[in-house]
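Reading through the structure tokens given below for one structure.
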Ligand SMILES: Cc1cc2nc3c(=O)[nH]c(=O)nc-3n(C[C@H](O)[C@H](O)[C@H](O)COP(=O)(O)OP(=O)(O)OC[C@H]3O[C@@H](n4cnc5c(N)ncnc54)[C@H](O)[C@@H]3O)c2cc1C
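Numbering (the working numbering), first residue to last: 1 to 498.
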């Protein structure tokens, strides 16, 4: 079995991660990537002297650090731990609340805007502390977990049963049932994606308090480049700007892929990290698992599409928080969807994104996929109009930004589709919801051998660490099914760079 050939569809984080683990376990690996660059949605790009970061707002470490080390991301990637998740600003009153890493301070901050909710705020803070003490099973995929692993997991969950039960629904449901203060309700629901499980909020706050949320120095591009370098150092091959059109199947076993130019690559196994609809309906022609997927698509929501409007400005905005949530604004439309709050990222924490004295300000707003898909020849003009509309909103909160703007960049859901084949702009796959979060999706398709799936479409809710972990897990499953030893790349002990 030595040197078995593995083809991986997609050179995003999951594909590269799976490739690293498979290479270390003795496979010959080729990653086929549709885009001109690796990284998938975890990317950044140069624009007019600035770097636009298209991804990481926060990187989750803690239990995931071991994976970052195996993949050569740590210790080379320098991190800036978050002292504050976001500053929440209520536009009508001008009041601000810091969602900070010091949970005692956070408790006081929340109590100050919601004095009638002290008991529930206490529960939230205690729950956050509890959830952060639980260690998610990262080392082994659930498919390979032993009885001992399951007993350990149960033992770990049992002491926290009360908190888990109390926060078992979505953040929205918890907020509307348990909180009196409308302002606190709005604050907590805006901290996480719509409909996300309350446990997700607890985890975010708990991890924040332990210093496990950070932003990489150099942004998403720095993380992507370290992972790609690790993949190449381990001997992996990549085919860029190459789109897989079909997974080749012989006798119900995947045996290679056919690319858009008609060429074929043979393989002993194929991994797909493409979206679930792309994989099941297009690449496999709906012959395996289509009914299950159709049923799931009828029940589950996709991650809401977003528009990123980024502005390079000749103002450092040094005293403005790097993450700012402005709520209660007069609703404005951006590409077919209404927004009643603004989420701003200011890349003012380091010098790497803009020339000295400048910074990049990025607004992430709700938008509609179909609206953009139907713009036709007006697409580029509409991008400019939406940039104008967003900038006008930002101007109210960062006065002077319009006059200081030197660069504008708009990424629509079609940008995510064009560059990373993000299905209907769902750049993180399935939306994180109580049901999707607790459902374990299979990484294989019924009736098809030598074929496995990894990445955010089998790990609902997506995320950088999850995509990387998913790559590890699928390589472990491949090795286990082939009775081959799984080998993780040796973690680096010291940074290569100074
Ligand atoms: C704006 C934004 C903000 C985010 N913020 C955070 C954050 O703060 N923290 C965090 O942890 N995560 C964040 N994420 C999510 C995280 O980046 C993703 O969940 C993760 O990178 C997904 O990796 P993946 O490999 O599963 O998928 P993808 O990155 O989608 O990779 C799939 C790859 O497959 C390729 N592909 C698809 N079909 C084909 C085909 N037929 N042929 C060839 N190639 C194909 C695509 O081009 C793509 O490169 C954010 C994402 C975005 C876009």
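Glycine is no exception: its CB is placed at the ideal position from the N, C-alpha and C atoms.
These figures come from a predicted structure and were not determined experimentally.
- If you look at residue 85, you'll find it in the beta strand (DSSP E) that goes 84-90.
- Of the other Cβ atoms in all chains shown, fewer than 16 fall within 10 Å of the Cβ of residue 374; this residue is therefore exposed.
- In this structure, residue 109 has its beta carbon at no less than 8 Å from each heavy atom of ligand 1.
- In the DSSP assignment, residue 311 forms a beta bridge with 361, 408.
- In the DSSP assignment, residue 462 falls outside any alpha helix (DSSP H), carrying neither H nor E.
- For residue 7, the uninterrupted beta strand (DSSP E) run begins and ends at 5-9, by DSSP.
- The DSSP-derived three-state label of residue 132 is helix.
- Minimum Cα-Cα distance from residue 210 among the listed residues 380, 61, 360 corresponds to 61.
- Between residue 303 and the set 485, 459, 130, the nearest pair of CA atoms involves 459.
- In this structure, residue 220 has its CB closer than 8 Å to one or more heavy atoms of ligand 1.
- Selection 315, 377, 206 evaluated against residue 355 yields 315 as nearest (Cα-Cα).
- Going by DSSP, residue 226 is part of the alpha helix (DSSP H) stretching over 219-233.
- The beta carbon of residue 338 sits no closer than 8 Å to any heavy atom of ligand 1.
- Residue pairing of residue 392 in beta bridges, as defined by DSSP: absent, with no partner found.
- Within the same chain, Cβ atoms closer than 6 Å to the Cβ of residue 19 are found at 8, 29, 31, 231, 236, the five residues on either side in sequence being excluded.
- Distances from the CB of residue 366 to the heavy atoms of ligand 1 are all 8 Å or more.
- The three-state reading of DSSP puts residue 113 in helix, counting H, G and I together.
- DSSP places residue 18 inside the alpha helix (DSSP H), whose first and last residues are 13-24.
- In the three-state scheme derived from DSSP, where H, G and I count as helix and E and B as strand, residue 300 is classed as coil.
- Residue 493 carries a coil assignment under DSSP once its states are collapsed to helix, strand and coil.
- Short of 8 Å from the beta carbon of residue 259, and not among the five residues preceding or following it, lie these beta carbons of its own chain, in chain order: 32, 239, 242, 243, 244, 245, 265.
- Listed in chain order, the alpha helix (DSSP H) runs fully inside the stretch 415-491 are 434-438, 464-481, counting runs of at least 4 residues.
- Taking a 10 Å sphere around the C-beta of residue 476, we find 16 or more other C-beta atoms and assign the residue as buried.
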